[in-house]
Each structure stands twice: as structure tokens, then as C-alpha cells.
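Presented below is the structure to which this report refers.
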Amino acid sequence: MRKQLFLTLFIIASVSLYSQKEANVWYFGSNAGLDFNSGNPVALNDGLLRTDEGCSSISDENGNLLFYSDGINVWTKNHELMRYSAGGVANNLEGNPSSSQSGLIVPNPEDKNIYYIFTVGTDFIGSLPYPNNPGFRFYTIDISRGDGGEIISGPVNLSDGRERQWSEKVTAVQGKDCKEIWILSIVQNTFYAYKINKDGVDSTTPVTSPSSYFLRDKRGYLKVSPDGTKVALADFTNDGSGRLVLYDFDNATGSVTSNGLLLTDGPLDGSPYGVEFSQQSTKLYASLYHENSDSFRVFQYDLLDSNIAQTKTQVHQEQGYRGALQLAPNGKIYASIPDRSYLGAIENPEDNPTDIIFTSNAVSLNGARSSQGLPPFIQSFFAPVKLIDLNTNEVLNNTNQIFCIGDNYDVAPETNNPSDIYTWFKDGKEIANTRILTINNTSFGSGLYEIQIESNSYCKKTYTGKVQITFEPKPTIHKIQPYIQCDFDSNPIDGFATFNLDILASTLVNDLADVTIDFFETSDTSFSSPIDKNNYINSVATNHSILVKVTNNNTQCYQTDIINLQVNPTGLTSYSDEYIHELDQNAANPDATFSIGTNDGFFDFSLKTQQIINNSGGSLSEMTHDFQYYRTAADAALQTNQIVTPYEDDLFSNGSDVYIRISNKGATSCESVGNFKIFVEKIPIPQGNPNEIILCVDNPRLSPQPHTTPLDADTGVVTDTYKWYLDGKLISGETSAIYNANASGEYKVEAYRNHPEIPTSYMGYNTFFVKESNQALIVSIKSVDDQDNPDNNKIEITIDGIGDYEYALNSTNLSDFVKGNENLSYTFTNIPPGLNAISIRDRNGCGITTSNQISTIYFQRHFTPNGDGHFDTWNVLGVNNDYYEVVNVQIFNRFGKLINEITDKNSQGWDGVYNGSTLPSNDYWYRAELIDRYGKTRKKTGHFSLLRK
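Under the numbering used here, residues 904 to 1852 are what the sequence shown spells out, in order.
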């Protein structure tokens, strides 16, 4: 009936197991000290302790210093070295001031005169006059002896033969009650827990627990949470590989009961050194040294979260080396960074990380200097005892309690000893002397409640505690009319139907944002079995009552009321079916060229509503009734997934069922339910062609252009009508399925279809793409022949046309055509002597154009009359055809003498013989005159070589 709200900056509902004053005086660092007896820490400079790390101190229940130690030396409250019972000076205990937790002082649970110092040594001794690691040991001190105490026994070795491997870690916490204390340490991967009771330390039967984590180093702190449920260790390593590890702890058995949860990420986070829990054991803090940035970091973890590791949050960082964290009697956690004249502090350790306040110079040391360590204490010095709400057995710790107006509450501390004296205060005034306090909004009401417990049991302690309580109102529930449901299932007269109670929410309360609404059978007075409010079948036929519970989400205060349910045996009404057309998937795609049917469509249900009203004979109207449409009978019954405007968002496939629920206007009273089907008609999709259709036209193009190509868009339905468009413009008068296109462009065709049950025609479309092309028209031909290198003989052709052209020399075989770099021109090279013709093919299929014959001749540059079949005669090549009518070639020697004449164009040429004599190798001259069939004369003079080999 209430909600717990986490407080900021102060602790409430805490009843200390001890008075906390045993931890009120600290000595640490280089002659540094603090006194917490006034509430706020005050610097002390009278201590003799000078230590790099380990230190410990203890006060009596009134906060008076008893003694302190660095794990080697023990000083009394008079700041003098304590002595052994044999008379020797206590300056040789087997701890080490360079051990992280060199010493820890623990009181005997029942004998106020007996204390124990537990020491852990170290391997790091440097030039100090200390032996190798002596392991885990303890000494017994009787403060009633001597002047400030005397060591009456010890050292007792607790190391189980593993001295050299022992870590620098030790902590302590009370057991299940104040009769016993657990002292806890770790070596490698094994925890050792020793029980302390009125008979002293049970040194012979330790409780050992394995750890899945194996220590990489001995350094770093070990702490148990004040409530005795968690253990945290920091494994400090120089390379940053050590981790912060969290375990579960059983303070009844002394067992570490989990394998260990790794909470840091090695060198990325830094190497952990100090650890500490908040006073309420809800948060864990760790201090780390990050070598790369040479920084002191503090991380927070939320121990109430199901994934503790994921809550890791850095709450502070500053330059500095490793240092300890220590919870103080004022609830703050103090931080020590070496060689500073002050300590830092986490001011509000219970808060969330975003609200954490870390003060670097929280308390001055008045000229003294800090080191790495701070004095640890038995963690139970800081533990809260729980305050309980006896009505619910709910723990009130760590919260600002919200109670509900109109309810009574019984509040009591968890401890219950008949001999203890209990005194309750409210806002500073005494109000009761009983253990159990009963309060409500009129009896005491809101305020700050404090309890003081004077213990007369064996613990002999004084407990104090507080809790802030605020009374808040319960939600208001509006009275509503009975919820009437139509029964239209397979047995519409049995009096049972399905109810959706969730639809009542808005009528029951004004603001749904801050409340939770649940429903119960009236017999469920403990609210243990909420009914399914989205799908509830009444358990009593026809008329039935249930209970509604409305809970305020902020305060958890709740109110209840009765809801009446009624079943109306209506059956299911049948309505006429409806027809729609499918949608076009490409309707919204501007780049689409054809329709694609979606196989579904939407229906305007307002038309159906009007149809039902028109057929009701005046009994129905939109003023008096609500008309709701659903896809399933279950949805109609539960009024879930209603079909609402815009109706375009609800698409239906062919044969879909629709249910209509008719209710009285603005009420949860169902009058009838009916159904009908929706049938979906296919849109007409005309034929089209995504590929280009070629229209062959004349070259040059005639106007008007007489040629056409048919575009067939027939849908196969003779009653369909058509519209044709060319490049987006309607072609007037063209309504047939086939259109004869006589021009290039994009032709869109729309097909329209009518259905007797669909009020308007519906359409689909497709597209044709027509492209004009034609045969090539030759514009010019340029020929270059008789080159010294025959490869340089060439023919250049230029054409005109709109086709896609390729070229072939002396062939019309498709495999001989080639595509040039230019569409309208091509150059052939290495032309053979003789007559040549060029063919041009339109690749779009509009035909082949072939040129007239082109003459190419070649005057030989030499000949070798040696009978090898190659150039055995000299001749003019390429004239032995009908292109030339007259050939007259005269050959002269170098002196101008005519030695041969060629007049027959079919002549084999001159063989190098004159008058029967073989002429020698030499240059010879010629004069040629050629007349073609067009009467055009070509003359040329030159010389050639006769080469005899």
C-alpha cells in the first residue's frame, strides 16, 4: 500500500547494532588522525603512527580512544607503546606498515575488556627491519590491565602453513547476532573465516571457501558489507591485470557462497586498491589507480541491480596514486590519496551515480599528511538493524516511507528482547514507550519518527534509528453503470461471455498516467490472483460482480470498488457482403510503368454504417448508437483492435470476415453483434512491353509518317475500356485495346473495369516504349589508295540516320559487321586493291544499305622476277576489273628509253625482259594513264625497283 522513495544525502531508518562510536577515532598516515565524536570529523595531531599503508584503531562505546596500531607497534590511549604481559614493549607485532591492511582490531562480542589485533604481513619489506611475510596472526589484548591495556597472548598463527603466500587482506563482520564475529582473510584462491565468540577466537577450525578468482598479487583491501551479505576484494597489481571481485557471504556459517563476480576490466579501468560498501549495503565503491593517466579513480556499483557488473559508473577521477576508502560513523565514505593534507569524501554514498557528490578536500588534516591507508573496522559498527512494517513484514530501511490515508500501520525494530527499553519520538517529541508503534494519518500522522533502544541483553548497547513517514491519499474510483456484454458465441443463451475489463479504465479514474488498475474476484481479498482483464469470462452466469483495485504508481496507495457484469443473449446478425477492388502496389511510385495488384484493398465502413441505419426502420442512428468494426469475433467481444479511420490503413484480402458491434452511445452495453464478408476484385492490368518496340521509318523521314507498329494491350475482358497516352498526353478518341503507333515515345495504356457492387470503375495500367529507326543514308565516301605501305590504304564513310549502325567491308554476313566509335561514320584501313563496297546495317532491324563500288589501286614499288610466285612481275594492281575502260602504262629505263608498255588491264605485268634480254637490277620509270567507266582520267608517273636475288 505504499512505495519506498530513496533519499538523498542522509540516511534514515537505521538502527545501529553498535553505537557506532567504536569507530569514532582514527589514526593513519603520517601522524594524521580524525575524531568523529562531534558528528563532523575534527583533525587530531597527537598520534604517533607513521605508516605507508596499514593502520587500525578502536574506541569504546562512548567514543573514547582505547588503542591503535600499524600492525607492528601498538599505542595506548595515552600514546605510549603497549606492553606484553611479560613486560616487553609491543613494537614487534608481525604485521607491516607496508601491508595494505596490516592490522585490524576486533572486540570480544561479550567481554568489554578483551580485544584482538589481527595482523597480515607482506613480502615487500625493502630496507625495513621486518621478516619475510609471517602470514595471518592475531594477539589478545586486555584493556583492563596495565596503563591502557596489555597484550596477554599471541601471536597465534592462523595461516594454515601458507604464510609466504598470504595476502595483505583482512576484514571482520558480526554473525547472525551479537554473540559472534567472523574474521575473514584470503590466500591465493581460498577464503579463511575464523569465528570469535565469548570464548575467544576459534583458531583451530576455520571455515574455508574456494574462490574461482586466483589472486595475482597480495595487495589491496578486503571488506564485508555491513549487513554481512557481500564480500569485495581488490587485487592490486602493477600491470593493472588485477580485478575487483564480489562474492556472496553467509554470516551464519562464515562461508563465501559464490564463485566471484569480476567487476573491473583490467588495465582499461585501472588496478583496484580500496573497497567500501555504503552503510545500507546497497552500493559498492572501489578506488583504482590508472597508470596511463596517473589518476585516482572511484567506481560505484548498484548491489540492488540484477546485473551488478553492468552498473559500473565512474563517479570521480583526479591526479594521484592508489589509496583506501573507509566508511565513517557519519555515513560518508572517506578517501585517502598519498601525501595530501586532507581527505576526500563521498558525501552521499547511498545515491545514484549521477547524484554522487565527491569532495576532494572534504576534511583538513591540520598539517599532517595522508598515506595510502585508512583504518578498517569491524564492518558491523556501521550496520543498520531493520525497521519492519509488521502488517507486511516489509523492511523500511533506506527509504522515505509513503503510508496511505485511512490505513493503520504497526512499525517495530527487528530486534525483540523483552528486557530492552524502547522509546519512540516523532519530530523530536516522545510519543510512546512500546516496541510496536501503531500509526495512521490521524494518530501521529506524517513526520520523522525516531526510536531509542536501551539494550539490557548481553550486547549492552544503545541503538537509535529514524524513519521519515508521509501519509498520502488513496485514488478516487468513479461509480459506473453495469458492463453489458453480447453473447454471440456457439452457445448464445448460456449466460457466459468474454469481457475486456481494460476498456473500463478511462471511466473509472480521471488520470490513467499515474495509476495501475487490476481486477479480482470478490472472494480474493488478498489480491493474490488478478484476473485477465483483457479476456475475462464471467464465472457466474448472466449477472456477476468483480472487484476493481486502483493503485497509485507513485505512492502505492490503492482503493477498491465493485463492478457489475451482465450478459445479453443476442446471437450473431448476418449483413450483406461487400465488394472492393484490390489496390495498385505501384500507385505511389512515380517511376513505375505498370500496375501490380496487391490482392487486398480497403473499405469505407461509414457506408456500411449508413446502410445498417437505413435498414433499421429508425431504431438506430449515429446519435444514439456506436458502430464499431472488428476483424474477428474475439476482437468484437473484447473491443480490441477496432477498425478506425482512416480506413485506408486497414487492408482486407478476398473473403475476409468483418464483425460489427452496436452499442448504446457512450456506454459499455452491447446491443447486437453482426458480421459480413469482404470480397476483393482484381484490377484490370493491360498488356505492355518493358522493352523498346522499333518503328522503322523512311530515311529521310516522311511527313506524314506512313509506317505504324501495333501495340496490343488487351486484358482479355471484352467489357474493359481503355485510354491511351503518348508522353503523358491523352490520345483523343483512342479507346481500343490495340493502338497503331506511328511515332516514337512512351505509350501508357489504362484499362477500366466496372463491377455491379462497386460504385466506381477501377483501373490498372501498363506501358509501351516505341523507338523510331531507319536504314542508313550514305552522305560521303573518301578513299585513300596507292600508299607506300598498303596498310595505309583506307576508305572513310559518313552516313545519316536515326538508327544504331554497324559496318562491314565487302560482306553482308552478320558476323562481319562491326560497331565503330562513331555511329554515323567509320574508317576502314588496309584496303585491298580492286573494287570494294561498304555495307551499313541498322542494328534495330530496319535494313542494310550498301555503297557503290569503290576502286582502290596500287602501283608496285618493286618486283623480284625469280619465279617464287611473289612479285615476279611489275603491274598496276586493282585495275583488272570493269571499273576501268582504258589502261595505258609505259615503262622506261633510267635513260628514258621505252622498254615495255601495258595496255591490257588484265595483263600479268612486265617480267623484267626486254627484247628477250633479262634486264639487270635497277630503278625503272613509268607513266600511267587510266580512264574509268565514268570517263574520269587518272594519270601518274613514278619509278620502281627491279631486284634480282
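Glycine is no exception: its CB is placed at the ideal position from the N, C-alpha and C atoms.
Residue range Ala1536 to Leu1541 is occupied by the alpha helix (DSSP H) that includes Ala1540. Under DSSP, Ser1683 shares a beta bridge with Thr1701.
Counting C-beta pairs closer than 8 Å gives three or more between the stretch 1408–1424 and the stretch 1445–1453, which meets the contact rule. Distance from the CA of Tyr1124 to the CA of Lys924, rounded to the nearest whole angstrom, comes to 23 Å.
For Thr1132, no alpha helix (DSSP H) segment is defined, and its DSSP state is neither H nor E. Secondary structure of Ala1570 (DSSP, three-state): coil. Taken atom to atom, the span from the alpha-carbon of Asp949 to that of Leu1171 is near 41 Å. Around the Cβ of Met1526, a 10 Å sphere holds fewer than 16 other Cβ atoms; the residue is exposed. Between the stretch 1491–1506 and the stretch 1365–1385, the count of Cβ pairs shorter than 8 Å is below three; the stretches do not touch. Per DSSP, the continuous beta strand (DSSP E) segment holding Lys1842 begins and ends at Thr1840 to Leu1849. Between the alpha carbons of Leu1415 and Gln1459 lies a distance of about 14 Å. Excluding residues up to 5 positions away in sequence, Asp938 lie with their Cβ nearer than 6 Å to the Cβ of Val945 in the same chain.
Contact annotation: the stretch 1658–1667 does not touch the stretch 1676–1684, with fewer than three C-beta pairs closer than 8 Å. Nearest to Gly1631 by alpha-carbon distance, out of Lys1082, Pro1493 and Glu1699, is Pro1493. The three-state secondary structure of Gly942, taken from DSSP, is coil. Apart from sequence neighbours up to five positions away, the residues of its chain that approach Val1412 with a beta-carbon distance below 8 Å are Pro1378, Thr1379, Ile1380, His1381, Val1418, Ile1420 and Val1453, ordered along the chain. Minimum Cα-Cα distance from Gly1558 among the listed residues Ala1539, Gly1577 and Glu1584 corresponds to Glu1584. Shown here, Lys1126 sits in a strand according to DSSP, grouped into three states. When the Cα atoms are used, Ala1640 and Ile1634 turn out to be separated by approximately 13 Å. Here Tyr1837 is exposed, its C-beta having fewer than 16 other C-beta atoms within 10 Å.
Within the same chain, Cβ atoms closer than 6 Å to the Cβ of Ala1654 are found at Pro1587, Pro1589, Thr1618, Asp1623, Tyr1625 and Gly1667, the five residues on either side in sequence being excluded. As DSSP reads the structure, Leu1230 sits in a beta bridge with Ile1236. Distance from the CA of Val1090 to the CA of Ser1062, rounded to the nearest whole angstrom, comes to 9 Å.
The way I'd put it, the stretch 1242–1253 does touch the stretch 1171–1182; three or more beta-carbon pairs between them come closer than 8 Å.
Judged by pairs of C-beta atoms under 8 Å, the stretch 1782–1792 does not touch the stretch 1709–1719, as fewer than three such pairs exist.
With contacts defined by Cβ atoms closer than 8 Å, Lys1674 and Glu1595 form a contacting pair.
Judged by pairs of C-beta atoms under 8 Å, the stretch 1478–1493 does not touch the stretch 1522–1538, as fewer than three such pairs exist. Listed in chain order, the non-local C-beta contacts of Gln1282 below 6 Å within the same chain comprise Val1076, Val1127 and Pro1129, local neighbours out to five positions each way being set aside.
If you draw a 10 Å sphere on the C-beta of Arg1797, you find fewer than 16 other C-beta atoms in it, and that means exposed. Only residues of its own chain outside the window of five on either side were considered, and among them Gln1678, Ala1679 and Ile1743 have a CB closer than 6 Å to the CB of Thr1752, listed in chain order.
If the five residues before and after Asp1835 are omitted, its C-beta is found closer than 6 Å to the C-beta atoms of Tyr1786 and Tyr1787, all from its own chain and listed in chain order.
In the three-state reduction of the DSSP assignment, Ser1263 falls in the strand class.
For the pair Asn1343 and Asp1313, the CB atoms are not nearer than the 8 Å cut-off.
Ile1515 carries a helical assignment under DSSP once its states are collapsed to helix, strand and coil. Between the alpha carbons of Thr1337 and Phe1328 lies a gap of roughly 11 Å. Between Ser1848 and Asp1826, the C-beta spacing is below 8 Å.
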